[in-house]
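Protein chains: 2
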Amino acid sequence: MRVVVVGCGVAGAAAARAALASGGRCSVLVLEKRRYAAYHPCSLIDAIAGDVPLSALVEGTPGAAGLEVRTATLVEEVDVGGRRLTARDLRTGGRVEVEYDALVLATGSKPHVPRGLRVEDSSGVFTLKTVEDAERILSACKHGSAVVVGGGPVGVEVAHALRRRGLRVTLLEALPRLLPGRLDAELSRLVEDFLRAEGVELALGRAAVEVRGDLGDVAVTDSGGATFRAGFVVLATGFKPDAALARDAGLELGSLGGVRVDDRMRASGEAVYAAGDVAEVRNAVTGKPMLALSASVASITGRVAGANAAGGDEAFRGAVRSWIVSLGGLRVGAVGLTEGEAAREGLDPMAATVTVQERPPFYPGAGWVTVKLVAEAGEGRLIGVQAAGRGGVDGLLNVASLAVLRGATVRDLLHFEHAYAPSLSDLHHPLHAAAEAVLRRMAHARRQGAEPAA
Amino acid sequence: MRVVVVGCGVAGAAAARAALASGGRCSVLVLEKRRYAAYHPCSLIDAIAGDVPLSALVEGTPGAAGLEVRTATLVEEVDVGGRRLTARDLRTGGRVEVEYDALVLATGSKPHVPRGLRVEDSSGVFTLKTVEDAERILSACKHGSAVVVGGGPVGVEVAHALRRRGLRVTLLEALPRLLPGRLDAELSRLVEDFLRAEGVELALGRAAVEVRGDLGDVAVTDSGGATFRAGFVVLATGFKPDAALARDAGLELGSLGGVRVDDRMRASGEAVYAAGDVAEVRNAVTGKPMLALSASVASITGRVAGANAAGGDEAFRGAVRSWIVSLGGLRVGAVGLTEGEAAREGLDPMAATVTVQERPPFYPGAGWVTVKLVAEAGEGRLIGVQAAGRGGVDGLLNVASLAVLRGATVRDLLHFEHAYAPSLSDLHHPLHAAAEAVLRRMAHARRQGAEPAA
Numbered sequence: 003m004r005v006v007v008v009g010c011g012v013a014g015a016a017a018a019r020a021a022l023a024s025g026g027r028c029s030v031l032v033l034e035k036r037r038y039a040a041y042h043p044c045s046l047i048d049a050i051a052g053d054v055p056l057s058a059l060v061e062g063t064p065g066a067a068g069l070e071v072r073t074a075t076l077v078e079e080v081d082v083g084g085r086r087l088t089a090r091d092l093r094t095g096g097r098v099e100v101e102y103d104a105l106v107l108a109t110g111s112k113p114h115v116p117r118g119l120r121v122e123d124s125s126g127v128f129t130l131k132t133v134e135d136a137e138r139i140l141s142a143c144k145h146g147s148a149v150v151v152g153g154g155p156v157g158v159e160v161a162h163a164l165r166r167r168g169l170r171v172t173l174l175e176a177l178p179r180l181l182p183g184r185l186d187a188e189l190s191r192l193v194e195d196f197l198r199a200e201g202v203e204l205a206l207g208r209a210a211v212e213v214r215g216d217l218g219d220v221a222v223t224d225s226g227g228a229t230f231r232a233g234f235v236v237l238a239t240g241f242k243p244d245a246a247l248a249r250d251a252g253l254e255l256g257s258l259g260g261v262r263v264d265d266r267m268r269a270s271g272e273a274v275y276a277a278g279d280v281a282e283v284r285n286a287v288t289g290k291p292m293l294a295l296s297a298s299v300a301s302i303t304g305r306v307a308g309a310n311a312a313g314g315d316e317a318f319r320g321a322v323r324s325w326i327v328s329l330g331g332l333r334v335g336a337v338g339l340t341e342g343e344a345a346r347e348g349l350d351p352m353a354a355t356v357t358v359q360e361r362p363p364f365y366p367g368a369g370w371v372t373v374k375l376v377a378e379a380g381e382g383r384l385i386g387v388q389a390a391g392r393g394g395v396d397g398l399l400n401v402a403s404l405a406v407l408r409g410a411t412v413r414d415l416l417h418f419e420h421a422y423a424p425s426l427s428d429l430h431h432p433l434h435a436a437a438e439a440v441l442r443r444m445a446h447a448r449r450q451g452a453e454p455a456a
Numbered sequence: 003m004r005v006v007v008v009g010c011g012v013a014g015a016a017a018a019r020a021a022l023a024s025g026g027r028c029s030v031l032v033l034e035k036r037r038y039a040a041y042h043p044c045s046l047i048d049a050i051a052g053d054v055p056l057s058a059l060v061e062g063t064p065g066a067a068g069l070e071v072r073t074a075t076l077v078e079e080v081d082v083g084g085r086r087l088t089a090r091d092l093r094t095g096g097r098v099e100v101e102y103d104a105l106v107l108a109t110g111s112k113p114h115v116p117r118g119l120r121v122e123d124s125s126g127v128f129t130l131k132t133v134e135d136a137e138r139i140l141s142a143c144k145h146g147s148a149v150v151v152g153g154g155p156v157g158v159e160v161a162h163a164l165r166r167r168g169l170r171v172t173l174l175e176a177l178p179r180l181l182p183g184r185l186d187a188e189l190s191r192l193v194e195d196f197l198r199a200e201g202v203e204l205a206l207g208r209a210a211v212e213v214r215g216d217l218g219d220v221a222v223t224d225s226g227g228a229t230f231r232a233g234f235v236v237l238a239t240g241f242k243p244d245a246a247l248a249r250d251a252g253l254e255l256g257s258l259g260g261v262r263v264d265d266r267m268r269a270s271g272e273a274v275y276a277a278g279d280v281a282e283v284r285n286a287v288t289g290k291p292m293l294a295l296s297a298s299v300a301s302i303t304g305r306v307a308g309a310n311a312a313g314g315d316e317a318f319r320g321a322v323r324s325w326i327v328s329l330g331g332l333r334v335g336a337v338g339l340t341e342g343e344a345a346r347e348g349l350d351p352m353a354a355t356v357t358v359q360e361r362p363p364f365y366p367g368a369g370w371v372t373v374k375l376v377a378e379a380g381e382g383r384l385i386g387v388q389a390a391g392r393g394g395v396d397g398l399l400n401v402a403s404l405a406v407l408r409g410a411t412v413r414d415l416l417h418f419e420h421a422y423a424p425s426l427s428d429l430h431h432p433l434h435a436a437a438e439a440v441l442r443r444m445a446h447a448r449r450q451g452a453e454p455a456a
């Protein structure tokens, strides 16, 4: 059988690999509109910071028995009923007709600029998604200053990376704190303090409404009429599924704009799967559809879609939305829901935040890590973990990720037996300390017969 | 009620904390024979290496409402039926009578020297358990060379630490490879290669039978008659439960020499609990009793024992034996069973070892990590993970620890969504790569209708 994959990003590549590995005899054709097959999108930020060369991020075309990857090939139309699609060869302009037995749509996401933000000129305004975007930003750095609009993970990373390059950087966020959709306030504050100490100017509670001017002198105006001028502007205002092809093919989209799929990553059309940023996936905690927009989830859903497209039977178990941002001296990330999100979901959260030593204080360079656990009152199901510190945060979040995915309780975390060496960690693991704090709060609430004040 | 804890090591301190935190009104008395309450046993090695000052490892007496810690107090006899014990004040020589409602024995472990090893003189022969042991070893370093007997975790750490101090070091191990009870051969080899490259001389397959001579010139003779001379000798031949007090009190010991307990950490006598190194705990994988001899397990079992002693109802869920050794440029550790152990347990193991990049190769300093997964054939229950690399090994083992404890399968690991930033990890996590390798092997075995050749 022939599996066709549209898009050679993380999800598409994972789907192709899984289809080839499925054991059934199948050939896989990947169609990618870029002139190169694959690149490392999450490393663009490190290229901007100067840690890795941008040229290293472009990958060669993957090769394997049974695999064909066609670059510079834009899929323009899918005939779901006829199991065929039409593409354009961007080098020759020629039309390409392709038949498939199963199709995986992995068309990814694209930068999203909110409607309320008017961009009058564009020569000094960038988003960050492709290698070319990073090239443009790098070449604009000579102008010495930048305004970054959007205080989510990408905005925070871009602002920090440009600052490390020596630019004067202002970071605008419409809400009154950084990473508002990703962290609760006490964790946001750690990021804000860190960025300020690194010399990034924060303009919080400032909704950008207009960008005007040309490269070298761009002005961002906020809803209060204040103006922020800089050599260029990076819009880090989020991403949205690149679902036009799916929509035009008649596939159902969800309310968040992504392709609607079931847990097999099957879209609404026969023999069509979707994976990665373009798909709406099930949130493992709430059970509701979400846009994960994450490489980790793209990799997992791509694998599931590819295996199923090749005749397998794999089920996606839901996304916990693990993420981490590494800012040199501060690593921050989370898994699952924040306390605020949990409350909005009606989940009756019980949370506690602890700041504990990373390892015994007599070790040189021993730092601190702040961990917030969010659990459901009652049984104490773990529904979210946020963490910030200088090191080890990724390992901690990875344990939390598995715990949340498997429905562990806060009490279960007390039984977590970590690999202990005092030069690496404290005997009392930060997850133990945070779990104990939540359990104390739960016990207190039980004694009070009511939820305690926060 | 009054809870008395014998021993202020990791398990005793955890028991005291848990009893105090139990919510019931209880007072806790901890009796410790040392002249100081607590110290950091796992940091002794770092003091020998010169990374931390030895003086920092001695802790002050913990203070808390309801807690009393008496140091220099040796418990000599327990009257289980009468719920009282007799101790000696080592400062005054006076006798101390103590009554209790519940007793937690956390008397720890002591160095074990096998019967087949004859030690003729002792001024140049050391073990490593206490701060005083480390002081003696440090002061012997001026003799410039050492023989370390025993290639387990402590032997490997001591040999490496002494080498870092500039000594000429020979490490003797009776079996033909290092860490034979802890790693399978392919992982042992990585440790052997590393230590050799660091300048440690390895004498494998050499069973020490005699140590003779005085500090400055000690000779170790092996079973083949070869002699290894050095300024001093460190016997790292293991530890055994310090269970004399429990045995004399009439409590049941298990076949491994530890106090027999149930999953509440209850010993055979009424109102007596045991925790930490002195207790035999249930292996979470095999269900059989084991000696964990690990600070992580001591902390968990101490907490369970203390909570139950204070009237709670906590159950220990079994030890997965997480451990890690950090040798600077190499971290190595494991969780659960090795392939060899699994086979000896009759568990029909299916294993695979992968060596993958720690992060994308274009990041400076990106290294490699070797991971071996051991699963049960059939359902693929994860029963062991071994890992070695330069960084991140502890985080990986911690995920594995939770997975093994919770009975996860190899397939479950493919759904593990890690917190991904390319400066910290590869998108394809080493556990994903290793899980895929095991699954390929399992699929191959199914197709063959038989186990594949290794």
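In the order they appear, the protein sequences are chains A and B.
According to my numbering, the first sequence is numbered sequentially starting from 3.
According to my numbering, the second sequence is numbered sequentially starting from 3.
Idealized CB from N, CA, C, for every residue including glycine.
Predicted model only: the values in this text are computed from it and were never measured.
| Under 9 angstroms between C-beta atoms, does F241/A make it to chain B? | no
| query | At what residues does the alpha helix (DSSP H) containing V406/A begin and finish? | reply | V395 to L407
| request: Quick one: which unbroken alpha helix (DSSP H) runs of 4-plus residues sit fully inside the stretch 160 to 224 of chain B? Chain order, please. | output: 187 to 199
| field | Alpha-carbon spacing of L130/B relative to P291/A, whole angstroms | value | 56 angstroms
| field | Beta-carbon proximity check, D127/A vs A238/A, cutoff 9 angstroms | value | Correcting the residue type first, residue 127/A is Val in the shown sequence and not Asp. Cβ distance not < 9 angstroms, so V127/A and A238/A don't count as in contact.
| Neighbour list for D195/B in chain A, Cβ cutoff strictly below 7 angstroms | None at all; the shortest Cβ gap to chain A is about 20 angstroms.
| query | Are any of the Cβ atoms in chain A nearer than 9 angstroms to that of H430/B? | reply | Yes - at least one Cβ of chain A is within 9 angstroms of the one on H430/B.
| message | Suppose you measure from the CA of L405/A to the CA of L415/A; what does that come to, to the nearest Å? | response | At residue 405/A the sequence reads Ala, which differs from the Leu that was named. One C-alpha to the other measures close to 8 angstroms.
| field | chain A contact for L404/B (CB, 9 angstroms cutoff) | value | When Cβ-Cβ separations below 9 angstroms define contact, L404/B makes contact with chain A.
| query | Is it the case that the Cβ atoms of C358/A and P424/A are separated by a distance below 9 angstroms? | reply | At residue 358/A the sequence reads Val, which differs from the Cys that was named. Taking 9 angstroms as the Cβ cut-off, V358/A and P424/A do not qualify as a contacting pair.
| Grouping DSSP H, G and I as helix and E and B as strand, with all else coil, what is T303/B? | helix
| query | Does S45/B have its Cβ less than 9 angstroms from a Cβ in chain A? | reply | Under the Cβ criterion of 9 angstroms, S45/B is counted among the residues facing chain A.
| field | Cutoff 7 angstroms; reference G369/B; Cβ partners in own chain excluding five residues on either side | value | E360, G391, R392 and G393
| query | Since I302/B contacts E419/A with CB under 8 angstroms, what's their CB separation in whole angstroms? | reply | 6 angstroms
| said: Measuring straight from C-alpha to C-alpha, what distance separates T132/B and S125/B? | reply: When rounded, the distance between both Cα atoms is 17 angstroms.
| query | Alpha carbon to alpha carbon, what distance is there between D350/B and G451/B? | reply | 14 angstroms
| Which residues of chain A have a Cβ atom closer than 8 angstroms to the Cβ of H417/B, listed in chain order? | I302, F318, R319 and L407
| message | Can you check which of these residues, E378/B, S324/B, L329/B and L295/B, is closest to R346/B by C-alpha distance? | response | With distances taken between Cα atoms, R346/B lies closest to E378/B.
| request: For Y275/B, decide whether its Cβ has a neighbour in chain A, counting only Cβ atoms nearer than 9 angstroms. | output: no
| Under the rule that 16 or more other beta-carbon atoms within 10 Å means buried, what is G168/B, buried or exposed? | With fewer than 16 other Cβ atoms within 10 Å, it is exposed.
| query | Which of the three DSSP states, helix, strand or coil, is assigned to P366/B? | reply | coil
| field | For G278/B and G304/B, believed in contact at Cβ under 8 angstroms, the rounded distance | value | 6 angstroms
| message | Counting only beta-carbon separations shorter than 9 angstroms, does P454/B have a partner in chain A? | response | Only weak support exists for where P454/B lies, its pLDDT of 48 falling under 50; the coordinates are left without a value.
| field | Under 8 angstroms by beta carbon: chain A residues contacting I326/B | value | For I326/B, the neighbours in chain A by C-beta distance under 8 angstroms run, in chain order, A421, Y422, A423 and L426.
| task | Taking only the alpha-carbon atoms, compute the straight-line gap between L76/B and A40/B and give it to the nearest angstrom. | result | So the alpha carbons of these two residues sit roughly 15 angstroms apart.
| request: Flag this pair as touching only if the stretch 109 to 125 of chain B and the stretch 213 to 229 of chain B have three or more C-beta atom pairs under 8 angstroms; answer yes or no. | output: yes
| task | Using a Cβ cut-off of 8 angstroms, pull out every chain A residue sitting near S298/B, in sequence order please. | result | E419, H420, A421, Y422 and L429
| query | Residues of chain A with CB under 8 angstroms from P55/B, in chain order? | reply | F364
| query | Helix, strand or coil: how does DSSP classify G338/B here? | reply | strand
| How would you write the range of the alpha helix (DSSP H) that S141/A sits in, first residue to last? | V133 to A142 is the extent of the alpha helix (DSSP H) around S141/A.
| request: Return no unless some Cβ of chain A is closer than 9 angstroms to the Cβ of D244/B. | output: no
| Pick from E200/A, V220/A, D219/A and S225/A that is closest to R208/A, judged by C-alpha positions | S225/A
| task | Excluding the 5 residues preceding and the 5 following V115/B in the sequence, name in chain order all residues of the same chain whose CB lies nearer than 6 angstroms to its CB. | result | L237 and T239
| message | What would DSSP say about V280/A, mapped onto helix, strand or coil? | response | Reduced to three states, the DSSP call for V280/A is helix.
| task | Give the single residue among T223/B, T109/B, I47/B and G342/B whose Cα lies nearest to the Cα of R166/B. | result | I47/B
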